[in-house]
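When we follow the UniProt record's numbering, the leftmost residue of the sequence shown carries the number 1, and every step to the right adds one.
We treat Cβ as the ideally placed atom computed from N, Cα and C, and that holds for glycine.
Here the structure is a predicted model, which means the values were calculated and not measured.
Below is one structure, written out as structure tokens; the observations come after it.
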Amino acid sequence: MAPSSRGSIQASLAKLQKLDSESDIEKRLTEAAQIAGISELVSDSKVSRQYTHARAEWVLKWLLEKLKAKDEELGKKFRLCPFSWKLLIHLLDLVPRIHSARLLNSANILSSIQKTLGEWVASQKAGKPALVASGQAPQYTSDSGKSKKQGRKRKRHNDNMEQPLEPSVIFSPEDVYQLVGCFLEKLIAGAQTHVSESSKISSEHFRSILRTPAQFAAELLSAGLTASVKCLQQGDEQSSGLLKSIFVIWKLRSINADDETGASTALFSDYCLVPSILLYGRLLDLNFTQDIEKAVRADSVRQKLDSLFKEHLLLPARASFFSYQDEEDTTREQMIQLLVKSWKPLQETLSYLYQQDLLSETRLILSGIPQFYRLAIEGSRRSTPKQRSEEAPWLESVLEVLAACSGGKLSEQVEYSFFGRSEQTASKYTTKVPFEDMLKLAKEYKLEISQAMLGEILIRYSRIIQAPIKDKSSLYRVRWPLVKIILEIDGGLFADAGKQPITNDKTPEVSRAHIFTQAIVSHISNVRWESVEKPTESSPSYYDQKRSEFILDIVAGLMTAYRESRKLDQFIRLWFTQISEAVDTLTPDALDQICWLDTALIDMVGSAVSQSLSTTQIQDLLDKYTLPVQKMASQFGIEAVSGGTINGDGPALGEDVDSISELYAAVVVIESILDHISRDEVLSAIEPLVLKLWKLFQNIMLLDMNEFLLAGRIWQLLTQIRKLQREMHPKAKFYGDNNYYLDPRVLDVAHKAAAKRVSARDTKSYWEAYNAYLFFVTATTQLVTSPKLQPYVQVQVQTASIGFFSLEEPSDTSKQQIATQLQTSEPPNFKTVAIVMKFPIVLLSLEFDERVKLFKQLVITSRESSIKTAAKSNPKQSDFDPGLHALQETIVTVHDKAVNLTWLMALIELFSEPGSEKVAQDLLLKHPLVGFKELRETLGEKLLNTNPPDDPEEALQRLCLVQKLVREERTPLAFFEHPDVLWKLAALAKFLGTIEAYNIFGALASRVLRYPYHYFL
1 MAPSSRGSIQ
11 ASLAKLQKLD
21 SESDIEKRLT
31 EAAQIAGISE
41 LVSDSKVSRQ
51 YTHARAEWVL
61 KWLLEKLKAK
71 DEELGKKFRL
81 CPFSWKLLIH
91 LLDLVPRIHS
101 ARLLNSANIL
111 SSIQKTLGEW
121 VASQKAGKPA
131 LVASGQAPQY
141 TSDSGKSKKQ
151 GRKRKRHNDN
161 MEQPLEPSVI
171 FSPEDVYQLV
181 GCFLEKLIAG
191 AQTHVSESSK
201 ISSEHFRSIL
211 RTPAQFAAEL
221 LSAGLTASVK
231 CLQQGDEQSS
241 GLLKSIFVIW
251 KLRSINADDE
261 TGASTALFSD
271 YCLVPSILLY
281 GRLLDLNFTQ
291 DIEKAVRADS
301 VRQKLDSLFK
311 EHLLLPARAS
321 FFSYQDEEDT
331 TREQMIQLLV
341 KSWKPLQETL
351 SYLYQQDLLS
361 ETRLILSGIP
371 QFYRLAIEGS
381 RRSTPKQRSE
391 EAPWLESVLE
401 VLAACSGGKL
411 SEQVEYSFFG
421 RSEQTASKYT
431 TKVPFEDMLK
441 LAKEYKLEIS
451 QAMLGEILIR
461 YSRIIQAPIK
471 DKSSLYRVRW
481 PLVKIILEID
491 GGLFADAGKQ
501 PITNDKTPEV
511 SRAHIFTQAI
521 VSHISNVRWE
531 SVEKPTESSP
541 SYYDQKRSEF
551 ILDIVAGLMT
561 AYRESRKLDQ
571 FIRLWFTQIS
581 EAVDTLTPDA
591 LDQICWLDTA
601 LIDMVGSAVS
611 QSLSTTQIQD
621 LLDKYTLPVQ
631 KMASQFGIEA
641 VSGGTINGDG
651 PALGEDVDSI
661 SELYAAVVVI
671 ESILDHISRD
681 EVLSAIEPLV
691 LKLWKLFQNI
701 MLLDMNEFLL
711 AGRIWQLLTQ
721 IRKLQREMHP
731 KAKFYGDNNY
741 YLDPRVLDVA
751 HKAAAKRVSA
761 RDTKSYWEAY
771 NAYLFFVTAT
781 TQLVTSPKLQ
791 PYVQVQVQTA
801 SIGFFSLEEP
811 SDTSKQQIAT
821 QLQTSEPPNF
831 KTVAIVMKFP
841 IVLLSLEFDE
851 RVKLFKQLVI
861 TSRESSIKTA
871 AKSNPKQSDF
881 DPGLHALQET
891 IVTVHDKAVN
901 LTWLMALIEL
911 FSEPGSEKVA
921 QDLLLKHPLV
931 GFKELRETLG
941 EKLLNTNPPD
951 DPEEALQRLC
961 LVQKLVREER
971 TPLAFFEHPD
981 VLWKLAALAK
991 FLGTIEAYNI
1001 FGALASRVLR
1011 YPYHYFL
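Shown next, in the form of structure tokens:
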């Protein structure tokens, strides 16, 4: 048996040597696997294990020679073939550990792995497949595992009998990247096995493979990181296995003799910095929220990268920084240059990427740069104020250097080496430096950044200083997210007091705060929302959302900066000035486009005043901004006392532009303050001033108003004053008190101003006309308390409604606001609603049940008004009710299916309510009653199942209504074909006893029956 076995071994060896003549790589590897005893079908199950080991060892040696072949093209083919690595993994299970470790070490297998990863990445970049896919990879199995008869064990090989460790990564047979990772895991598993003395020896042999020089370990780590980036880019997240193994190899590296700290900072910076931050950026770019397993693996890799950054970059740099800081002759620039040296490869890479316009890689690196700043913050000592003060220079230096790595520069004294940088590419860096993310981290960790550095960032990278002041595209040109975060960190940069210090030559010194304040105010004043893309049907809220974000982030942020600096009164003065200048220079249409008159800002200023200032300060503010009102009053001879006179010979309001602008700004400021006053002590203190303003503004309203905006603002302010009066005197009836009397002429002026604006059909903005209507209707309802003025107000509201709805179609927001206003009014103004219902697009913004409820309330209100009219002394007036007439007219003229359906449902429900049958029946006679078959049958049942009316006229109307239900359809309703129904109709006709009633019944019977109708009579 032995000679034949040896002959078989020699034949296998000769067969293995002949494989080199085969050109197909896959075929070579398949035959080599069969020689080693690895196959799906075991041809010779009696082959002893010891000879299988020998054949496997020969195959392993042959395969390792092919992987590092001198012929680079041949070696590359073997390295990129997945069969090679699959075969190599199985050979590790067959060859004794000591022998396989010796062969792998002598063949420098890690060098082959490094080449494989580099070639795999290169093949991906070149658009070539990273695998040889000419055929399916066979599912290799070892015949040694299926042999019926095991060979004789030899003691020197008993370590090979241990169960091999399976890789933790599940790989695809065609994926070279995953196969390499699986192979490395098996190497590391072999190095960590400690079961017996022999296994310890074999484990040491495996560790000798993994223990490499530091430079080679850095090159291998760089190759692994680069391959992981490419793997993630292709959508394969199974990269943690390979990286974990390469991280272990990096940890086992041999430290160079000249490496004092053992951190290998220079090697890591030169070889691994760029690929590691690319990988970090790629992990941040991916979203694994839907897959917990992938999220855990990605988080594990990020944590490992964090530890590498800390160990090899930040901690050594921090130690050197503080050691330099202790030396007296060391400048800050020298310490920063020390940091620049560590990040120099990153700086060079970004410069190259910018020149080549490789935007994807640039974005990944820039997204990973803020993580260095986060790690620097977390690695600093900041428990006590002293420690925070000591760490501040270090953290500022890191911020400055990271900005330099991104292409920025925060100091003229330090020239950073940015290779290949041209003027054209330099402009790109201004917008790419991730200052926002780094400053958000500073805010999150409550770092103290000097105003000098924040000022440099603003000047160099926000474009708030360089942008033209009169440029309407400020909304796009300025880097507003950066301005926003700086406002949140230290708004004192913008809170300028207005008074500049005096220098030695007696000239005022312009502070940075003054420059920044003037710049941001100029940009805010020149932002035009008309330049923003208008909303579409798919995104109707885009316009409002962008405007709201800008107001809340920038304008309100500026106000908050003044407030936190205890300079809120100075912001209000600045606000007053900007509004006044805008009124001077802009048209009424353009005024609605500026930020200073935004409703949200007006509300926030008033809220800040109420919360931040004392009663005395609020009173002083109101006194201060009442001066322009008094100036206007004195100019036109208006007195703020009861019975004040108006100089009728004076000029019309509108010729003195300066007075109008200041008056308008004062009205806005006063309105903002009064709107948020709720404390009792403040109300008591300002009551005399409120009464004074009430009279002044009424008299000003009676002047010849050339501008609707001013009249509208004054009207809103009068409404606000009336609210305060009710809060101060909740039980008072102001229409009977001369001090709080409302002149009806003021209502007339307000109505004319609103109607004038509504009739301006050529206005560019529909919202101007809508606001003109809405403010008048709302303010009138809130302002007027006298019953004597109510009819006057209703007529004005009706006229304004007609003018408003003659314009173009309202937006969804305006429809909802109007419908809500109509729905919540108590009682509803049926005249106004009747007009609104002519435009069903408004009512359709309400839910169906809400519309039915609103319609029912309108009918009930109309019925109550009819009862009150009948109770009066003159009974003739009860014959005609204007509310009911308006509703009937609406039902006749509206031709909208949804509105008709709502009316029909509401009237059917009302018909069942006691006391409402008659008015519901009257309105149903006006209804078209076309369609809605089920509802019409329901109505027919209610009409005939309800007790017949005693009034002959009402009974005839009911019979006519039934006739209308049947007549309006080509096909008669099945309900009316029932004999019981016809008997009831016949009884109703007999009750009336008139020829008209009999004719109606006859027409009904002939419509639904085939025999004479007199049968039922």
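Item checked: Range covered by the alpha helix (DSSP H) that runs through PHE78 -> 72-79
Next item on the list: Taking GLY606 as part of the alpha helix (DSSP H), name the residues at either end of that continuous run.
Entry: 599-612
Item checked: Run of the alpha helix (DSSP H) containing ASP623, from where it starts to where it stops -> DSSP places ASP623 inside the alpha helix (DSSP H), whose first and last residues are 615-635.
Item checked: Reduced DSSP secondary structure (H/G/I, E/B, other) of ILE38 -> Judged by DSSP in its simplified three-state form, ILE38 adopts strand.
Notebook entry, point to check: If we count the other Cβ atoms within 10 Å of its Cβ and call it buried at 16 or more, is VAL274 buried or exposed?
Noted result: buried
Note to self: If I measure Cβ to Cβ from SER84 and keep anything under 7 Å in the same chain, skipping five residues before and after, which residues do I get?
What the structure shows: If we look at SER84 and ignore the five residues flanking it on each side, its Cβ neighbours are LEU29, LEU63, LEU67, PHE78.
Next item on the list: Can you tell me the Cβ-Cβ gap for CYS595 and ILE515, rounded? I've got them flagged as a contact below 8 Å.
Entry: Going by Cβ atoms, the distance from CYS595 to ILE515 rounds to 20 Å, so no, they are not a contact pair.
Margin query: Taking only three categories from DSSP, how would you classify PRO96?
Written below: Note: PRO96 maps to coil in three-state DSSP.
Margin query: By DSSP's criteria, PRO213 is part of a beta bridge. Which residues make up the other side?
Written below: SER254
Check: So, helix, strand or coil for LEU703, using DSSP?
Finding: coil
Checklist line | Neighbour-count burial assignment, LEU627, 16 or more Cβ in a 10 Å radius | finding: exposed
Next item on the list: Report yes if the C-beta distance between ARG463 and VAL478 is below 7 Å; otherwise report no.
Entry: yes
Checklist line | Within 7 Å, strictly: CB atoms of LEU493 and LEU454 | finding: yes
Next item on the list: Let me know the secondary structure DSSP gives GLY224 once reduced to three states.
Entry: helix
Check: Cβ-heavy atom distance between ALA298 and the ligand ADP below 6 Å?
Finding: Of ligands this structure carries none, so the ligand ADP is not represented either.
Check: Taking Cβ positions, are SER199 and ALA191 nearer each other than 7 Å?
Finding: no
Notebook entry, point to check: Does the Cβ of ASP71 have 16 or more other Cβ atoms within 10 Å, making it buried, or fewer, making it exposed?
Noted result: exposed
Next item on the list: Thinking ILE377 and LYS443 are a contact (beta carbons under 8 Å), I'd like their distance in whole angstroms, please.
Entry: Actually they do not touch by this definition, with Cβ atoms about 11 Å apart.
Check: Taking the alpha-carbon positions, what's the ILE700 to ALA633 distance?
Finding: The alpha-carbon atoms of ILE700 and ALA633 are separated by roughly 7 Å.
Notebook entry, point to check: To which residues of the same chain is ALA438 closer than 7 Å at the C-beta, ignoring the five residues directly before and after it?
Noted result: The displayed chain sequence assigns Met, not Ala, to residue 438. Shown here for MET438: same chain residues with a beta carbon closer than 7 Å to its own, the five before and five after excluded, namely PRO370, TYR373, LEU399, LEU402 in chain order.
Check: For LEU493, which of helix, strand or coil comes out of DSSP?
Finding: helix
Check: Which value, in whole angstroms, describes the spacing of the CA atoms of GLU537 and VAL669?
Finding: Annotation note: pLDDT 42 at GLU537 (below 50); position unreliable, no value reported.
Check: How would you call PHE848, buried or exposed, if buried means at least 16 neighbouring beta carbons within 10 angstroms?
Finding: exposed
Note to self: Quick check: the Cα distance between ILE457 and ILE465, rounded to an integer number of angstroms?
What the structure shows: 11 Å
Check: So is LYS86 buried or exposed if we call it buried at 16+ other beta carbons inside 10 Å?
Finding: buried
Notebook entry, point to check: Pick from PHE322, ALA582, SER406, VAL95: whose alpha carbon is nearest that of LEU350?
Noted result: SER406
Check: What do you get for GLN857, buried or exposed, if any count of 16 or more other CB atoms within 10 angstroms of its CB means buried?
Finding: buried
Check: Can you list, in chain order, the residues of its chain whose CB lies under 7 Å from that of SER612, leaving out five sequence neighbours each side?
Finding: Around SER612, the same chain offers ARG563, LEU568 as residues with beta carbons nearer than 7 Å, after the five sequence neighbours per side are excluded.
Item checked: Nearest residue (CA-CA) to PHE322, options LEU278, ARG363, PRO393 -> Checked all of LEU278, ARG363, PRO393; the closest Cα to PHE322 is PRO393.
Notebook entry, point to check: Which value, in whole angstroms, describes the spacing of the CA atoms of ILE721 and GLN635?
Noted result: 23 Å
Checklist line | Local Cβ density within 10 Å of ASN287, reported as buried at 16 or more and exposed below that | finding: exposed
Next item on the list: Evaluate GLU333 with the Cβ neighbour count: other Cβ atoms within 10 Å of its Cβ, from every protein chain shown; 16 or more gives buried, anything less gives exposed.
Entry: With fewer than 16 neighbouring CB atoms inside 10 Å of its own CB, GLU333 falls in the exposed class.
Margin query: By the three-class DSSP mapping on this structure, what secondary structure does CYS595 have?
Written below: coil
Next item on the list: Quick one: residues in its chain with C-beta nearer than 8 Å to the C-beta of VAL248, no 5 flanking neighbours on either side, listed in chain order?
Entry: Result list for VAL248: ILE188, LEU210, in chain order.
Note to self: If you reduce the DSSP assignment to three classes, tell me which class GLU448 lands in.
What the structure shows: coil
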